Amino acid sequence: SSIKYPERLQTLDEEIDDEEDDEDWAGRPLNHYSEKEDDWRDLIAGMECEYPEELQADSKFLGGKQYQRALEFFRTVLLEALPDPEGLREHVSTSTGHLSDGLHRENWEHAMVEVVRFSMKDISHPGINYLIKHVGSIFRRLFALAVDDVKEGGHESSTYRHLPDKVETFLVARFDDALWELMEDASMKTHTGLEPMYRTIDPNLPTFHEYSEAKSDEEHEKAKEDIASWFFEKVKALASSSGQKAKEFLKMESKRRALKKKSFLPDQRTSMITNEEIDTILQRAFEYIVALMEFNLILLKFQLNAYLFEGFKNKLTTFSTMLANDDDIDWKAIVSSEDDSLKNRIVVVQERVASISESLRDVESLQRRL
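Sequential numbering of the sequence shown, starting at -10, is according to my numbering.
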């Protein structure tokens, strides 16, 4: 289709402009997170079309390549939307509390959980909505392209070309409904899958690094040796092409992770938190948010590939069967019904004919009198 319809290929900016021009689609609520979608649109507008080179924003794509670029664009904007935990500084002291579980000590961990939870919820969900609508607009245009392709085909397309316009309008409207239903389902599953990722904090998150205070040269050297030894054992197990050795390595790795001592936040704390200690909590919260985003982006790709991309292909495959099995569709009424605008034009023509006929009769009557 990209060869047959080169004029349908789009740059990233053209995709965004088309989506914004379609107000009934862009402004339609997808779920309760839609209220904050405009925050993402404002953020994109603020980028002033200055996108990373790897996005290939100026290249004209169609179909699957548009979907691939949309995912990378989401990643770019998400990184741009990274919150500054500094804005939550005044809430940190209160969130640490006191006498949690009867302990005469502030709970720094609870404060960090609150900072991460608020920040992730505020930016991630509206962004997912925007991405799903962006991809939905791409899919919508692809269906319109498919319709045009069928109409412009060879002899086998003659039947479709003779269908009344109202039937084609009905088919497009029904597919729009099916696509929107798919988008709602994909968004619901994706949002549901994301929420557990920030409700709790896992210090062992693979992309998150442990807290490290100043270490001696000997401790640094020992850490390097441990990493080198672990890497050597991993390569050795994979290069052996032995399933048994790979299993043994995985067992050792599982044991290593279980027994490894990791520092999440510094243990030495003043009796009442200071500004320097608040800096530490905010910095660790920011590091965790970045790590969690990297982890979530991997999961989101799998979810959107399954729920949105594969779901769209399935909708295309089953669309005709769905219509054929829908007993509520009155095809005869659709085919036989006349277009209202045509009806109005016929009435106007009939009135004009009647007026002309009446004028002719008046002329004939006048001629007889003469």
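The beta carbon of each residue, even a glycine, is placed where N, CA and C say it ideally should be. No experiment lies behind these values; they were computed from the predicted model shown.
Membership of ILE270 in the alpha helix (DSSP H) is indicated by the continuous run 264 to 293.
Of the residues ASP319, PHE301, ASP315, the one whose Cα lies closest to the Cα of PHE128 is PHE301. Under the rule that a run must span 4 or more residues, the alpha helix (DSSP H) segments found entirely inside the stretch 35 to 81 read 53 to 69. Between PRO72 and SER108 the beta-carbon gap is near 4 Å, inside 8 Å, which marks them as a contact. The secondary-structure analysis by DSSP pairs GLN(-1) across a beta bridge with PHE50. Taking all protein chains in view, the Cβ of MET177 is surrounded by fewer than 16 other Cβ atoms within 10 Å, so the residue is classified as exposed. Under the DSSP assignment, ILE117 falls in the alpha helix (DSSP H) whose first and last residues are 97 to 140. Cβ neighbours of LYS122 within its own chain (closer than 8 Å, five residues either side excluded): GLU8, TRP14, ALA15, LEU19, GLU26, MET172. By the criterion of a C-beta distance shorter than 7 Å, TRP29 is surrounded in its chain by VAL66, PRO115, GLY116, TYR119, once the five residues flanking it on both sides are discounted. THR196 sits away from ALA70, with the two beta carbons spaced by 8 Å or more.
Non-local C-beta neighbours of LEU68 in its own chain, meaning closer than 8 Å and more than five positions away in sequence, comprise MET282, ordered along the chain.
Short of 7 Å from the beta carbon of LYS49, and not among the five residues preceding or following it, lie these beta carbons of its own chain, in chain order: LEU(-2), GLN(-1), THR0. Contact annotation: VAL161 and VAL136 have beta-carbon atoms nearer than 8 Å. Ranked by Cα distance from PHE62, the first of GLU43, GLY76, LEU77 is GLU43.
Between PHE132 and MET101, the alpha-carbon positions lie close to 46 Å from each other. Each residue's CA atom was taken as its position, placing TYR56 and LYS110 some 25 Å apart. Between the alpha carbons of TYR277 and HIS198 lies a distance of about 8 Å. About 11 Å separates the beta carbon of VAL105 from that of LEU271, a gap too long to meet the 8 Å contact definition. For SER309, the enclosing alpha helix (DSSP H) has its first and last residue at 299 to 313.
Bounds of any alpha helix (DSSP H) do not take in TYR(-6), whose DSSP letter is neither H nor E. A check of alpha carbon separations from GLN257 across GLU39, VAL156, GLU95 identifies GLU95 as the nearest. GLN292 places its beta carbon 8 Å or farther from that of THR158. In this structure, LYS304 lies near LEU168, with their beta-carbon atoms less than 8 Å apart. Note on geometry: alpha-carbon atoms of ASP6 and GLY182 lie some 30 Å from one another.
Per the C-alpha coordinates, the member of LEU92, LYS234, ASN314, LEU51 positioned closest to TYR(-6) is LEU51.
Looking from the CA of GLU103, the closest CA among SER113, GLY91, ASN264, THR83 belongs to THR83.
Counting the other CB atoms within 10 Å of its CB gives THR85 a total of 16 or more, which places it among the buried residues.
For PHE164, the uninterrupted alpha helix (DSSP H) segment begins and ends at 154 to 183.
For ASP11, there is no enclosing alpha helix (DSSP H), as DSSP marks it with neither H nor E. Shortest Cα-Cα distance from ILE190 to any of ILE267, TRP97, LEU134 involves TRP97. When secondary structure is reduced to three states using DSSP, SER84 falls in the helix class.
For the options VAL156, GLU12, HIS93, LEU77, the alpha carbon positioned closest to that of ASP319 is the one of VAL156.
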